[in-house]
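*Asks:* Okay, handing you the structure first.
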Amino acid sequence: MIKVGMKAPDFTVESTLGKVSMSDYRDKWIVLFFYPLDFTPI
Amino acid sequence: MPEFNRRLDDFEKFGAKVIGANPDSLYTHKAWLEKIGQIDYPLIADYTKALSRSFGILDEESGVAYRGTFIIDPNQRIRYASENDLLVGRNINEILRVLAALTKGKPCPVNWEAGKSTL
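Going down the list, the sequences are from chains Z and P.
First residue of the first sequence: 1, per our numbering; consecutive thereafter.
First residue of the second sequence: 1001, per our numbering; consecutive thereafter.
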């Protein structure tokens, strides 16, 4: 797993609000969270 | 996921943007949103699993992402990383607590919470 202190991997990916790039968030704090699947109750 | 949406203003207070991600397709995301209602932050469709893999939280066998949570600072450094088992939901208050402490930029002792004094 990625560790504290490491540089975040760069990404450009599709999202529900259009393309999302790491570079769109320059100068911002980001909270990025992963979850296993859609349609899960947790 | 809807809980992050309900607390979005609390994240905005620290100038933080919330992004969700999983290995489902955009098509599945949209069907899911029709069920649970609007989500005001982007949900990444990591269909190629490249993003989950690059953050090291992909279970290669089942193809699902563990419940990884990362706080990334304005210089693109990872400042917080956690990983939950599939069965255990996150504590949004804890993520906000860490974000408050990080954006404070001062040493925050054990059980520190926003409003308490720093060291």
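C-beta: ideal position from N, C-alpha, C; glycine also.
All values reported here derive from a predicted model rather than from experimental measurement.
(1) Measuring CB atoms only, is the segment 1058-1072 of chain P touching the segment 1089-1101 of chain P, in the sense that at least three cross pairs come out at less than 8 Å?
(2) Just tell me which of Z:Thr16, Z:Phe11, Z:Pro9 and Z:Pro41 has its CA closest to the CA of P:Thr1028.
(3) Could you check which residue in P:Lys1035, P:Ile1078 and P:Thr1118 has the C-alpha nearest to that of Z:Trp29?
(4) Under a three-way DSSP split, which group does P:Leu999 fall into?
(5) Closer than 8 Å between beta carbons: that is the criterion. Which residues of the segment 1083-1111 of chain P meet it against chain Z?
(6) Just to make sure I have the definition right: I need the residues of chain Z whose C-beta is within less than 8 Å of the C-beta of P:Pro1002. Which are they?
(7) Determine the closest residue to Z:Leu37 out of P:Lys1017, P:Phe1014, P:Asn1005 and P:Leu1087, with distance taken between C-alpha atoms.
(8) If you draw a straight line from the alpha carbon of P:Gly1037 to that of P:Leu1119, how long is it in whole angstroms?
(9) Measuring CA to CA, which of P:Ala1081, P:Ala1101 and P:Glu1113 is closest to Z:Lys7?
(10) Check this for me: beta carbons of P:Gly1089 and Z:Ile2, under 8 Å apart or not?
*Replies:* A quick look at the data gives this:
(1) Between the segment 1058-1072 of chain P and the segment 1089-1101 of chain P there are three or more inter-stretch CB-CB distances shorter than 8 Å, so the stretches are counted as touching.
(2) On the second sequence, residue 1028 of chain P is found 28 positions in, with the first residue counted as 1. Comparing Cα-Cα distances from P:Thr1028 to each of Z:Thr16, Z:Phe11, Z:Pro9 and Z:Pro41, the minimum goes to Z:Thr16.
(3) For the purposes of this step, residue 29 of chain Z is taken as the residue at position 29 of the first sequence. Ranking the options by Cα distance to Z:Trp29, first place goes to P:Ile1078.
(4) Beyond the ends of chain P as shown, which are 1001 and 1119, falls residue 999 of chain P; an answer cannot be given.
(5) Listed by position along the chain: Glu1083, Leu1086, Leu1087, Val1088, Gly1089, Arg1090, Ile1095, Leu1099, Leu1102 and Thr1103.
(6) Within the second sequence, numbered from 1, the residue matching residue 1002 of chain P stands at position 2. Listed along chain Z is no residue with a C-beta nearer than 8 Å to that of P:Pro1002; the closest approach is about 11 Å.
(7) Taking the first residue of the first sequence as position 1, residue 37 of chain Z is located at position 37. Out of P:Lys1017, P:Phe1014, P:Asn1005 and P:Leu1087, P:Leu1087 has the C-alpha closest to the C-alpha of Z:Leu37.
(8) Here residue 1037 of chain P corresponds to residue number 37 of the second sequence, with the count starting at 1. Here residue 1119 of chain P corresponds to residue number 119 of the second sequence, with the count starting at 1. So the alpha carbons of these two residues sit roughly 42 Å apart.
(9) Position 7 of the first sequence, counted from the start, is the residue given in the question as residue 7 of chain Z. Per the Cα distances, P:Ala1081.
(10) One-based indexing of the second sequence puts residue 1089 of chain P at position 89. One-based indexing of the first sequence puts residue 2 of chain Z at position 2. For P:Gly1089 and Z:Ile2, no; Cβs fall outside 8 Å.
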